[in-house]
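Visitor: Take a look at the following structure, please.
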Amino acid sequence: MSLPSPAAPTGNRFAIVSETDYGAPILIAAILTLVFTFLVLIVRIAIVKWRRWDLDDLVLVFAKIVGLGQWISIFVAYHYGLGKSTSSVDPQDLPRVVKYFFASRILLVIALCLSKCSLLLTIRALFTYDFKRQWWASNVAIAIICAWGAASALTISVDCSPNYIVLGQQNVECANHVTRLLAIFISEIMLECAIVIIPALFLISINMAWSEKILVIIAFAFRLPAVACITAYLVTSIRFLSSNRTGVHIAATVIWQQVLLGYSLMSATIPMLRKFVQNFTTGGMGFTQGMDVDISSNQHSQLTTTALQMSVLSKKPSATSVRSIAAPDPGPVSTRSRSGSHISEGEGYRKRRLESTSIILSKIE
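Right, here's the structure in full:
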């Protein structure tokens with residue numbers, strides 16, 4: 197015996213889901229991702245990196261602005277009937293639905309590109325010019341992602357009618373559209389994996405404890421869930437475009453689009469959290485600028501002595517300036533046994549650690 201069908205909803209409700217209207221999940225997903233994304237941005241700008249902003253923060257702000265355009269496009273499309281059965285939408289509103297949703301997909305690709313660039317700029321900031329190979333590799337990766345973003349924005353829009361996106365196969369005016377989506381988002385999956393692998397490769401040649409290396413790698417590994425979001429978005433998009441279904445069946449695609457954009461923008465801030473980078477002392481300015489140093493008078497004295505020792509090992513002007521300001525000249529120090537051919541690997545490690553110490557000292561004085 198089958199159960200009786202539930203009574204129709206009555207009273208004032210935020211949104212109603214029915215067989216002809218799946219707009220409510222779209223609206224909820226868009227609102228939640230928008231709110232949480234900007235909350236994370238506020239935490240990053242106003243707390244984690246207050247008055248220590250860098251280029252990666254600026255690029256991420258631009259990504260948020262482009263993402264805001266995507267959310268506005270979704271809200272406008274929802275207002276005109278996105279997620280509803282095409283038979284229940286005013287024929288005059290259908291062109292607006294497809295136009296704004298089509299625009300949201302272009303803005304999605306651009307925002308994803310800027311989010312990746314911001315994260316790579318964060319990686320680059322963790323290395324000084326002393327690590328030239330890593331620094332230039334980061335620049336090459338940024339150039340590749342910028343090229344991917346431009347190519348993807350063109351690929352997803354050129355010679356493609358917006359009607360095909362919402363109204364299905366009967367409005368085919370977009371040649372090889374499924375192939376385009378596969379090319380764009382499979383390449384994006386490869387780029388996301390590369391962003392996780394790059395810091396691990398950079399850390400191999402750096403002398404630091406393996407526990408600290410693993411901690412930093414884990415911070416950037418939080419980018420990997422974006423791969424699952426990309427896969428879900430790609431699968432739902434292809435399933436919708438290949439099934440001749442219209443209206444309500446696009447809801448899953450739009451929801452995963454919001455999740456993908458929101459997580460991509462939020463995950464760019466995770467490596468900025470202090471608990472992940474507090475032990476990352478490779479000499480990179482990105483690390484030292486994000487640390488809060490609380491040093492007693494005895495510790496300050498020890499750092500002063502360490503800076504004096506570093507000034508003997510280093511020929512950099514910054515080291516000399518630290519020596520002259522921090523303490524009187526300790527006297528001549530013999531460096532005959534410290535020729536380039538006799539400096540051991542352990543001394544090189546200590547030198548890099550001392551350089552980090554001198555940077556901290558110069559910032560607290």
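Residues in the sequence shown are numbered from 197 upward in steps of one, following the working numbering.
Cβ coordinates follow ideal geometry from the N, Cα and C atoms, glycine included.
Taking 6 Å as the limit between beta carbons, can you name the residues of its chain near L230, skipping five residues before and five after?
Guide: Taking the first residue of the sequence shown as 1, we reach residue 230 at position 34. Counting only Cβ-Cβ distances below 6 Å, and skipping sequence neighbours, we find W267.
Visitor: Within 10 angstroms of the Cβ of N359, are there 16 or more other Cβ atoms? Answer buried if so, exposed if not.
Guide: By one-based count along the sequence shown, residue 359 stands at place 163. Classification for N359: buried.
Visitor: Any chance the stretch 454-470 sits against the stretch 307-317, with 3 or more Cβ pairs inside 8 Å?
Guide: yes
Visitor: Could you tell me the distance, in whole angstroms, from the CA atom of S401 to the CA atom of I338?
Guide: The count along the sequence shown starts at 1 and reaches residue 401 at position 205. The count along the sequence shown starts at 1 and reaches residue 338 at position 142. The alpha-carbon atoms of S401 and I338 are separated by roughly 21 Å.
Visitor: Among residues of its own chain, excluding the 5 on either side of L303, which ones have a beta-carbon nearer than 8 Å to its beta-carbon?
Guide: Here residue 303 corresponds to residue number 107 of the sequence shown, with the count starting at 1. Excluding positions up to five away in sequence, the list reads V262, G263, G265, Q266 and S269.
Visitor: Which residue marks the beginning of the alpha helix (DSSP H) containing G265, and which one marks its end?
Guide: What you label residue 265 is simply residue 69 of the sequence shown in a count that begins at 1. Per DSSP, G265 belongs to the alpha helix (DSSP H) from L251 to Y276.
Visitor: Going along the chain, which residues of its own chain have a beta-carbon closer than 7 Å to the beta-carbon of P395, five neighbours each way excluded?
Guide: Numbered from 1 along the sequence shown, position 199 holds the residue referred to as residue 395. I319, V412, I413 and F416.
Visitor: With three or more C-beta pairs closer than 8 Å as the rule, is the stretch 333-348 touching the stretch 384-392?
Guide: yes
Visitor: What's the call for L420, buried or exposed, on a 16-neighbour Cβ count within 10 Å?
Guide: Numbered from 1 along the sequence shown, position 224 holds the residue referred to as residue 420. Exposed, since its Cβ has fewer than 16 Cβ neighbours within 10 Å.
Visitor: Determine, using beta carbons only, whether A428 and W452 come nearer to each other than 8 Å.
Guide: Indexing the sequence shown from 1 puts residue 428 at position 232. Indexing the sequence shown from 1 puts residue 452 at position 256. The answer is yes: Cβ separation under 8 Å.
Visitor: Near A349, what residues of its chain come up, given a Cβ to Cβ distance below 7 Å and the 5 sequence neighbours on each side ignored?
Guide: Within the sequence shown, the letter at position 153 stands for residue 349. The answer, listed in chain order, is I302, V305 and I306.
Visitor: Exposed or buried, which one is W246 when buried takes at least 16 other CB atoms within 10 Å?
Guide: Translated into positions along the sequence shown, residue 246 becomes position 50. Exposed, because fewer than 16 other Cβ atoms sit within 10 Å of the Cβ of W246.
Visitor: Would you be able to state if there are at least three C-beta pairs under 8 Å between the stretch 287-296 and the stretch 272-279?
Guide: yes
Visitor: From the DSSP secondary-structure annotation, give me the bridge partner or partners of S214.
Guide: As a working mapping, residue 214 is identified with position 18 in the sequence shown. Answer is D217.
Visitor: Where does I382 land, buried or exposed, given buried means 16+ other C-beta within 10 angstroms?
Guide: The residue labelled residue 382 in the question sits at position 186 within the sequence shown. Counting Cβ neighbours within 10 Å, I382 comes out exposed, since fewer than 16 surround it.
Visitor: Using 8 Å as the threshold, is the C-beta distance between T465 and A448 below it?
Guide: In the sequence shown, residue 465 corresponds to position 269, counting from 1. In the sequence shown, residue 448 corresponds to position 252, counting from 1. No; because the gap between Cβ atoms is not below 8 Å, this pair is not in contact.
Visitor: From which residue to which residue does the alpha helix (DSSP H) around C389 run?
Guide: Here residue 389 is taken as the residue at index 193 of the sequence shown, counted from 1. First-last of the alpha helix (DSSP H) with C389: H373 to I400.
Visitor: Straight-line CA distance for L377 to D355?
Guide: The residue given as residue 377 occupies position 181 in the sequence shown. The residue given as residue 355 occupies position 159 in the sequence shown. If you take the alpha carbons of L377 and D355, they lie about 14 Å apart.
Visitor: I222: buried (16+ other C-beta within 10 angstroms of its C-beta) or exposed?
Guide: Within the sequence shown, the letter at position 26 stands for residue 222. I222 should be labelled buried.
Visitor: Residue range of the alpha helix (DSSP H) that G432 falls in?
Guide: Counting from one through the sequence shown, the residue named residue 432 turns up at place 236. Checking the displayed sequence, the identity of residue 432 turns out to be Thr instead of Gly. Start and end: P421 to L437.
Visitor: If you follow the alpha helix (DSSP H) that T318 is part of, which residue opens it and which one closes it?
Guide: Along the sequence shown, one-based indexing puts residue 318 at 122. Its alpha helix (DSSP H) spans residues L290 to A321.
Visitor: In its own chain, which residues sit with a C-beta less than 7 Å from the C-beta of S460, not counting the 5 before and 5 after it?
Guide: For the purposes of this step, residue 460 is taken as the residue at position 264 of the sequence shown. The answer, listed in chain order, is L308, S311 and A422.
Visitor: Just the C-alpha distance for P528 and N403, rounded to the nearest angstrom, thanks.
Guide: For the purposes of this step, residue 528 is identified with residue 332 of the sequence shown, where counting begins at 1. For the purposes of this step, residue 403 is identified with residue 207 of the sequence shown, where counting begins at 1. Reliability fails at P528, whose pLDDT of 48 lies under 50, so the model's placement of it is uncertain and no value is given.
Visitor: Taking Cβ to Cβ, would you say M468 is nearer than 8 Å to V255?
Guide: Counting from one through the sequence shown, the residue named residue 468 turns up at place 272. Counting from one through the sequence shown, the residue named residue 255 turns up at place 59. Contact: no.
Visitor: To the nearest angstrom, report how far apart W331 and L322 are at their CA atoms.
Guide: Mapped onto the sequence shown, residue 331 falls at position 135. Mapped onto the sequence shown, residue 322 falls at position 126. Each residue's Cα considered, the two are about 9 Å apart.
Visitor: Look at the alpha carbon of V374 and the alpha carbon of I426, and state the distance between them as a whole number of angstroms.
Guide: For the purposes of this step, residue 374 is taken as the residue at position 178 of the sequence shown. For the purposes of this step, residue 426 is taken as the residue at position 230 of the sequence shown. In a straight line, the C-alpha of V374 is about 15 Å away from that of I426.
Visitor: Whole angstroms is fine: what's the gap from Q288's alpha carbon to Y276's?
Guide: For this step, residue 288 is matched to residue 92 along the sequence shown. For this step, residue 276 is matched to residue 80 along the sequence shown. Cα to Cα, the separation comes out at about 9 Å.
Visitor: Note the first and the last residue of the continuous alpha helix (DSSP H) segment covering I451.
Guide: Numbered from 1 along the sequence shown, position 255 holds the residue referred to as residue 451. Looking at the DSSP string, the run of the alpha helix (DSSP H) that includes I451 is A447 to S463.
Visitor: Can you give the Cα-Cα distance for S463 and F418, rounded to whole angstroms?
Guide: Taking the first residue of the sequence shown as 1, we reach residue 463 at position 267. Taking the first residue of the sequence shown as 1, we reach residue 418 at position 222. Using only the alpha carbons, I get a separation of about 7 Å.
Visitor: Just confirm the distance between the C-beta atoms of L315 and I391, as a whole number of angstroms; I'd bet it's less than 8 Å.
Guide: As a first step, residue 315 must be located in the sequence shown, where it is residue number 119. As a first step, residue 391 must be located in the sequence shown, where it is residue number 195. Sure, about 6 Å apart at Cβ, within 8 Å.
Visitor: Let's see if you can read the secondary structure: which residues bound the alpha helix (DSSP H) around S353?
Guide: In the sequence shown, the residue the question calls residue 353 occupies position 157. Neither: S353 is in no alpha helix (DSSP H) and is coded neither H nor E.
Visitor: S439: buried (16+ other C-beta within 10 angstroms of its C-beta) or exposed?
Guide: The count along the sequence shown starts at 1 and reaches residue 439 at position 243. Burial call: exposed.
Visitor: Along the chain, where does the alpha helix (DSSP H) containing V412 start, and where does it finish?
Guide: Position 216 of the sequence shown, counting from 1, holds the residue named residue 412. Run containing V412: W406 to A417, per the alpha helix (DSSP H) assignment.
Visitor: Please check the pair K260 and F234, which I expect to be a contact at CB under 8 Å, by giving their CB distance rounded to whole angstroms.
Guide: The sequence position of residue 260 within the sequence shown is 64, counting from 1. The sequence position of residue 234 within the sequence shown is 38, counting from 1. Right, their Cβ atoms sit about 7 Å apart.
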